[in-house]
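From first to last, the protein sequence lines are chains A and B. Quick note, the first sequence lines up with residues 60 to 545 if you use my numbering. Quick note, the second sequence lines up with residues 1386 to 1630 if you use my numbering. Even for Gly, the Cβ is constructed at its ideal location relative to N, Cα and C. Step one of this worksheet: look at the structure below.
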Amino acid sequence: MSETFLGMPVTAPRGVGHLRGDEPFPKAARTALANPQLRRNLGHATTTIRAKSGRVIAELPDWPELRAAGSAIKADVMARLPALLEQLEERVTEAGGVVHWAADAIEANAIVTDLVKATGHDRVIKVKSMATQEIGLNEALEAAGIEPVETDLAELIVQLGHDKPSHILVPAIHRNRSEIREIFLREMPGVDPDLTDHPPVLAAAARRYLRETFLRTKVAVSGANFAIAETGTLAVVESEGNGRMCLTLPETLITVMGVEKVLPSWRDLEVFLQLLPRSSTGERMNPYTSMWTGVTPGDGPQNVHLVLLDNGRSAVLADQVGRQALHCIRCSACMNVCPVYERTGGHAYGSVYPGPIGAVLSPQLTGVEDNASLPYASSLCGACFDACPVKIDIPSILVHLRAEHVAAHRRPTPESITMAAAAYTMDHPRLYAAAQHAAKASRLAGRRGRGLPPPLNGWSASRDLPDPPQQTFRDWWAQRNREASK
Amino acid sequence: MRIALFATCLADTLFPAAAKATVALLERLGHEVVFPPEQTCCGQMHINTGYQRDALPLVRRHVRTFQPYDVVVAPSGSCVGSVRHQHAMVARAAQDEGLAARAEDVASRTYELSELLIDVLGVEDVGAYYPHRVTYHPTCHSLRVLRVGDKPVRLLRHVRGLDLVELPAAEQCCGFGGTFAVKNADTSTAMLADKMRHVLDTGADVCTAGDSSCLMHIGGGLSRLRTGVRTVHLAEILASTEATQ
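Next up, the structure:
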């Protein structure tokens, strides 16, 4: 049977953007696990956010109903996405905005670059945005001679440190304050050489640098948390006020948004503006919620653009099990509760979308074979499913993608041969009993399994095997029955 | 009550004490236990590693084996989780709607041990005696797939002589995760290290849980470090009496 058919939506193209890592997860994880500073930073940060979020969620008696509503609204959006997007385009256009459709990262980068060039300016200020990181917009702008300046504090730390974000909400979660001080001293133009690592001092240094940049930059690029099809309104939620500056001060505002972010009606915001801050930063309300509908003459940006990005999303939508990954509102609750993420950090996932949601979203956007190790980067403990404010069943999607990966291999692998042999044995109880005895009799494992051959040596490196029992349960049961009938 | 035991392939092969204890406990409570010998494995390892098609005959075998029984029990949250949440899915993926319906029927009568004791048999005090300092690790699948909640702890609280100490960060995964422990051995070991640290912090001599698989992982780590802390299946504690101690 052919795996593709005519009209199958395409996945995100290679060679552009940040959805694929350089090495498979287990290898990248090993590097991260060997860094004790990273382990401490992550352990401290995720534990703090978990506790804070847990407290404010516990305040809401209708949290289960809110989650159910969030999930239902998103399922409705996915069921009629094309119509909602056309409605959104119509409303934004009526309000004086310009809507652009980008099939992939390459098209989106070209659209934004051309729009900036047309303004005649060579610098843009940026609101923190996952979509623009996904498509590698900063690199595309730099290649065209345009300087992008990240204005979210953590994104600024990452940008100045020539680093990669490791968390979708707290991108510099892997850095502590003394590391941040060193980055500022080394990279921030006009920084005070006596800078200390006191957090308010670090924040003040960033504020001074950013204020100057806000006031002399005429073009901004943002993402969007939500877009309302009914009104043509776009919304950004944030904590620092940098977003409000970017969305109001410049002459030109360009927003790049994944197509799945659209919501049918204004009323739907009521649900998500409760779910998002409590799940993400552990706040009852985010400090800044900015909304704009096209152009308001004489107030705010007078040139407003919306770039609707596909980049593999239609392929995700086509998968009945996997499509719920598009429900994600980028709160990062799944990362904060994930025992794997807490130990490896975000860089090990290779994509801008790390953690449990990244492990199901990245392989779907790129095609599972381009991120084949990610669906296995989970113990299937289920903590992410419980934490997700829109109830994405991440463990089930992980298992589904593992099956897709196995199905993609047309030739047998050592693993597939072993699995087939094990299944055959287990479907033949006599063979199974014989295998149980053979396993007991063999000294293959050596004493307590310390000398297991690859790939099982991953087990024996840190764990002993149990002593084989004198008798299997089924032998004991048979013997007991024989003795009872004597 | 006549109860069919699904021993699970892991307990049958490597941890028969957990299955034997399940038999001893239920017989002591006055029930008849049967072990249908056609049973082997629920297929979870295959399903969770991506080999759903290989798991199909195992699902079919499991459903055929246990369909005749009114009540099925397994000393494993994880295997019952697979029976309840994966068997019908595997059947549907193979477009076998008849099998899916039968799998759902069997699943509706299949219980993890603490569920059987509390929800079906209505007993919290099973008359056990176990004079040890014990900490309980709630395994992920019993906690988040089956939602057994505090049922195992309620059973443990009634065990005479048992000093139950709370495990810090108990709800965090131990890092086993089936083939995850091999495919991502380094991450699995890092998770295990934290779990072991918490177990040792309690000062318990015994760490218990409802799954032999997680206990094999935690126990293997504790043994390698020569901590002296033992892992013992919940069924073995509940089966213990003055006579067996």
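Same chain, Cβ closer than 6 Å to residue i, five either side skipped, listed in chain order
i       : result
S455/A  : none
W160/A  : L367
R1469/B : A1492
V1617/B : V1591 and T1593
S1461/B : T1393 and D1596
Q538/A  : none
Q1471/B : I1432
Cutoff 7 Å; reference residue i; Cβ partners in own chain excluding five residues on either side
i       : result
A1440/B : G1428, H1431, I1432 and V1475
G389/A  : Residue 389/A is actually Arg in this sequence, not Gly. Hits under 7 Å: M189 and I227.
H180/A  : K277 and V278
E1509/B : I1503, R1539, L1540 and H1543
L376/A  : M137, L140, R382 and L385
E401/A  : L101, G102 and T105
F1420/B : L1390 and A1392
L1552/B : T1520, Y1521, H1522, H1583, V1584 and T1587
A213/A  : V229, P230 and A231
D163/A  : A71, P72, D369 and N370
G129/A  : V330, F331, L334, P448 and V449
K1536/B : S1499, E1500 and I1503
R1487/B : V1448 and Q1452
S1598/B : L1395, S1463 and F1561
C393/A  : G414, P415, I416, C443, A446, C447 and I453
V171/A  : L196, V280, I313, V315 and V366
Beta-carbon neighbours of residue i, restricted to chain A and to distances below 9 Å
i       : result
C1599/B : Correct list: empty, because the minimum Cβ distance to chain A is about 10 Å.
E1423/B : P488
I1622/B : Simply none; closest approach about 18 Å.
Q1630/B : The contacting residues do not exist; Q1630/B stays about 21 Å from chain A at best.
Neighbour list for residue i in chain A, Cβ cutoff strictly below 7 Å
i       : result
L1484/B : Per Cβ cutoff of 7 Å: no residues; L1484/B is ~14 Å from chain A at best.
V1530/B : G441
R1449/B : Ordered by position in chain A, no residue passes the 7 Å Cβ test against R1449/B, which lies about 11 Å from the chain.
C1426/B : M485
Q1557/B : P398
Distance between beta carbons of residue j and residue i, contact taken as under 8 Å
i       : j       : result
A294/A  : L335/A  : No, A294/A and L335/A are not in contact; Cβ-Cβ is about 10 Å, not under 8 Å.
C440/A  : P398/A  : 6 Å
L261/A  : R236/A  : 6 Å
A91/A   : A407/A  : 5 Å
G409/A  : R79/A   : 6 Å
M304/A  : F273/A  : 5 Å
L1443/B : C1426/B : 6 Å
L322/A  : W351/A  : Contact doesn't hold; Cβ gap of about 15 Å is too wide.
Under 8 Å by beta carbon: chain A residues contacting residue i
i       : result
L1501/B : Within chain A, no residue comes near L1501/B; the closest Cβ sits about 18 Å away, beyond 8 Å.
L1641/B : Only positions 1386 to 1630 of chain B appear in the structure, and residue 1641/B is not among them; the question remains open.
Residue i: contacting residues in chain B (beta-carbon distance under 7 Å)
i      : result
V465/A : G1435 and Y1436
F532/A : A1392, A1396, D1397, P1401, A1404 and K1405
M478/A : H1431, T1434, Y1436 and D1439
L97/A  : Within 7 Å Cβ-Cβ: nothing; L97/A doesn't reach chain B, min ~12 Å.
Proximal chain B residues relative to residue i, where beta-carbon distance stays under 9 Å
i      : result
A88/A  : N1569, D1571, T1572 and A1575
C393/A : Correct list: empty, because the minimum Cβ distance to chain B is about 13 Å.
Residues near residue i in its chain [Cβ-Cβ closer than 8 Å; skip 5 each side]
i       : result
T1412/B : Correcting the residue identity first, residue 1412/B is Glu in this sequence and not Thr. Hits under 8 Å: V1418.
R1615/B : D1590, V1591, C1592, G1604 and L1607
L144/A  : A288, V318, V321 and L367
V217/A  : E209, K223, P224, P230 and A231
Contacts of residue i in chain B (Cβ-Cβ under 8 Å)
i      : result
Q495/A : D1397 and T1398
A498/A : T1398
P73/A  : According to the sequence shown, residue 73/A is Arg rather than Pro. Here the premise fails: no neighbours, minimum Cβ distance about 23 Å.
(request) Starting from the N-terminal side, write out each stretch of the alpha helix (DSSP H) that is 4 residues or longer and does not extend beyond the segment 411-452 of chain A. (result) 414-425 and 442-446
(message) When you compare the segment 524-539 of chain A with the segment 1569-1588 of chain B, are there three or more beta-carbon pairs, one atom per stretch, that lie closer than 8 Å?
(response) No: fewer than three Cβ pairs fall under 8 Å.
(request) Ignoring anything shorter than 3 residues or poking outside the segment 303-371 of chain A, list the beta strand (DSSP E) runs there in chain order. (result) 311-317, 347-352 and 362-368
(message) Check whether the segment 1472-1489 of chain B and the segment 1520-1531 of chain B are in contact - that is, three or more C-beta pairs closer than 8 Å.
(response) no
(message) For the pair the segment 256-269 of chain A and the segment 308-321 of chain A, tell me if three or more CB-CB distances fall below 8 Å.
(response) no
(message) Runs of 3 residues minimum, wholly inside the segment 1405-1485 of chain B: which ones carry the beta strand (DSSP E) assignment?
(response) 1417-1419 and 1457-1459
(message) Taking contact to mean 3 or more Cβ pairs, one atom from each stretch, closer than 8 Å, check whether the segment 428-437 of chain A and the segment 235-248 of chain A are in contact.
(response) no
(request) Could you say if the segment 110-122 of chain A and the segment 336-347 of chain A meet the contact criterion of at least three C-beta pairs nearer than 8 Å? (result) yes
(message) Please give me, in chain order, every unbroken run of the beta strand (DSSP E) with length at least 3 that falls completely inside the segment 152-184 of chain A.
(response) 157-161
(message) Does the contact criterion of 3 or more C-beta pairs under 8 Å hold for the segment 1401-1408 of chain B versus the segment 1448-1463 of chain B?
(response) yes
(message) Does the contact criterion of 3 or more C-beta pairs under 8 Å hold for the segment 342-359 of chain A versus the segment 287-303 of chain A?
(response) yes
(request) Taking only runs that begin and end inside the segment 181-233 of chain A, name each unbroken beta strand (DSSP E) of 3 or more residues, in chain order. (result) Annotation: the segment 181-233 of chain A contains the following complete segments of the beta strand (DSSP E) (minimum length 3 residues), in chain order: 182-185 and 206-209.
(message) In chain order, what are the residue ranges of uninterrupted alpha helix (DSSP H) at least 4 long that sit wholly in the segment 449-484 of chain A?
(response) 453-467
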